[in-house]
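So the structure is just underneath, and the comments pick up after that.
In this note's numbering, the protein residues as written are 468 to 827.
Written out as structure tokens, the structure reads:
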């Protein structure tokens with residue numbers, strides 16, 4: 468049910484204490500730069516009627532709490548006493564007092580209770596009746612009551628905001644025994660995704676390197692193609708900075724897509740250069756000619772991907788918060804990766820490539 472970027476859940480037993488702690492947390496969060504739309508769950512404010520039976524007075528008249536509950540249930544809440552049929556339809560016959568006999572505490576206090584001795588006494592004689600402000604909702608998670616403080620982040624990334632907010636809470640908020648604070652919302656989903664990516668990305672890059680080695684038969688050539696990734700990463704980070712975006716799950720997905728395109732372009736160039744070298748050209752001449760021959764294929768691959776994502780970079784409608792980071796990363800990374808493929812890789816080929824011929 469959390470629709471904010473950050474949700475701070477405070478767990479405990481007493482609702483009044485939870486409300487007080489929630490207000491304190493909200494006040495602390497508002498002081499953190501970047502916090503917007505800070506709000507606390509409204510768990511109180513519902514007017515209620517409290518009817519508290521006096522057991523001693525009930526015993527004096529020979530009554531029980533169940534007798535009081537039955538009168539309140541039937542008179543105020545109502546009860547089904549039968550059914551009526553209309554063809555195949557069935558309807559309950561519902562009975563309760565008229566509105567004027569149950570509309571205020573005074574009217575309810577005049578409800579009559581029948582004692583075992585045949586006497587009738589008003590409800591107010593054996594019970595305390597008063598209006599109170601009770602809880603509006605009681606939310607639970609893992610059988611524990613909690614209250615949620617929600618907020619969004621503007622002008623900075625969520626990770627640094629949460630780090631600073633946690634430091635302030637640990638310094639300024641004193642929790643009673645048995646109370647604890649947890650963090651959730653979109654931030655929690657982002658952290659889970661990042662933990663998966665920390666495993667998936669290195670494993671994927673390792674498998675890609677293995678496939679390159681199996682295809683080229685050379686560790687040097689495989690490392691040369693993998694050298695495309697750092698500059699592609701730099702371009703993506705710079706693009707995020709220029710567009711005012713922050714590293715997020717969509718941006719991480721964009722980096723993965725960017726790595727695939729950068730490796731593909733590097734593979735195209737290195738394969739062509741190696742084939743020219745196998746035909747008898749020197750390393751330097753093969754590198755220069757290969758870069759010239761693969762200029763248009765590399766540019767076509769980069770431009771088609773970049774131009775296809777360009778509308779997403781300027782999107783402003785629903786879902787743009789996901790589209791813009793992904794598009795910015797891919798477009799910015801393709802720019803630097805393409806420059807690296809066309810200019811840096813041919814130069815590095817002279818030092819890193821093996822001198823002996825090999826079949827590709």
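We put the beta carbon where it would ideally sit given N, CA and C, even for glycine.
Worksheet entry | Option in 727, 595 and 642 with minimal Cα separation from residue 768 | Walking along the chain shown from the start, residue 768 turns up at place 301. Taking each of 727, 595 and 642 in turn and checking the Cα distance to residue 768, the smallest one comes out for 727.
Item to complete: Assign residue 715 to buried or exposed, taking buried as 16 or more other Cβ atoms, counted over all protein chains shown, within 10 Å of its Cβ.
Response: The count along the chain shown starts at 1 and reaches residue 715 at position 248. So residue 715 ends up on the buried side.
Item to complete: Verify the CB distance criterion: does residue 742 have a CB-CB separation below 9 Å to chain D?
Response: Included in the structure is just one protein chain, with no chain D present.
Worksheet item: According to the Cβ coordinates, are residue 723 and residue 671 closer than 9 Å?
Response: Reading the chain shown from its first residue, position 256 is the one you call residue 723. Reading the chain shown from its first residue, position 204 is the one you call residue 671. In this structure, residue 671 lies closer than 9 Å to residue 723 by Cβ.
Worksheet item: Which residues in the same chain have their Cβ closer than 8 Å to the Cβ of residue 765, if we skip the five residues on either side of it in sequence?
Response: Mapped onto the chain shown, residue 765 falls at position 298. These residues qualify, in order along the chain: 732, 735, 736, 805, 808 and 809.
Worksheet entry | N- and C-terminal bounds of the alpha helix (DSSP H) containing residue 547 | Here the question's residue 547 lines up with position 80 in the chain shown. For residue 547, there is no enclosing alpha helix (DSSP H); the enclosing beta strand (DSSP E) has its first and last residue at 546-553.
Discussion item. Measuring straight from C-alpha to C-alpha, what distance separates residue 482 and residue 510?
Written reply: Here residue 482 is taken as the residue at index 15 of the chain shown, counted from 1. Here residue 510 is taken as the residue at index 43 of the chain shown, counted from 1. If you take the alpha carbons of residue 482 and residue 510, they lie about 8 Å apart.
Discussion item. Rounded to whole angstroms, what is the Cα-Cα separation between residue 542 and residue 609?
Written reply: One-based indexing of the chain shown puts residue 542 at position 75. One-based indexing of the chain shown puts residue 609 at position 142. Taking the straight line from one Cα to the other gives about 37 Å.
Worksheet item: To which residues does DSSP link residue 558 through a beta bridge?
Response: As a working note, residue 558 is residue 91 in the chain shown. BP columns for residue 558 point to 551.
Discussion item. Assuming residue 807 is part of the beta strand (DSSP E), what are its boundary residues?
Written reply: Residue 807 sits at position 340 when you count from the first residue of the chain shown. Neither: residue 807 is in no beta strand (DSSP E) and is coded neither H nor E.
Practice prompt. Kindly confirm or deny that the region 519-531 and the region 599-619 touch, where touching means at least three C-beta pairs closer than 8 Å.
Written response: At 8 Å Cβ cutoff, the stretches do not touch.
Fill in: Sequence-distant residues of its chain with Cβ nearer than 7 Å to residue 551 (five each side left out)
Position 84 of the chain shown, counted from the first residue, corresponds to residue 551. So the list reads 558 and 560, once near-sequence residues are dropped.
Worksheet item: In three-state DSSP terms, what is residue 825?
Response: Position 358 of the chain shown holds residue 825. Below a pLDDT of 50, predicted positions are generally treated as unreliable, and residue 825, at 48, falls in that range; the measurement from the model is reported next regardless. If DSSP states are grouped into helix, strand and coil, residue 825 belongs with coil.
Worksheet entry | N-terminal and C-terminal residue of the beta strand (DSSP E) that residue 504 is part of | The count along the chain shown starts at 1 and reaches residue 504 at position 37. First-last of the beta strand (DSSP E) with residue 504: 502-507.
Worksheet item: Within 10 angstroms of its Cβ, does residue 813 collect 16 or more other Cβ (buried), or is it exposed?
Response: Counting from one through the chain shown, the residue named residue 813 turns up at place 346. Residue 813 is buried by the Cβ-count criterion.
Worksheet item: residue 412 and residue 652 look like a contact to me (Cβ under 8 Å); what is the Cβ gap, rounded to whole Å?
Response: Given a span of 468 to 827 for the chain in the structure shown, any question on residue 412 remains unanswerable.
Item to complete: In angstroms with no decimal places, state the Cα-to-Cα distance between residue 666 and residue 656.
Response: Indexing the chain shown from 1 puts residue 666 at position 199. Indexing the chain shown from 1 puts residue 656 at position 189. Residue 666 and residue 656: Cα-Cα distance of roughly 16 Å.
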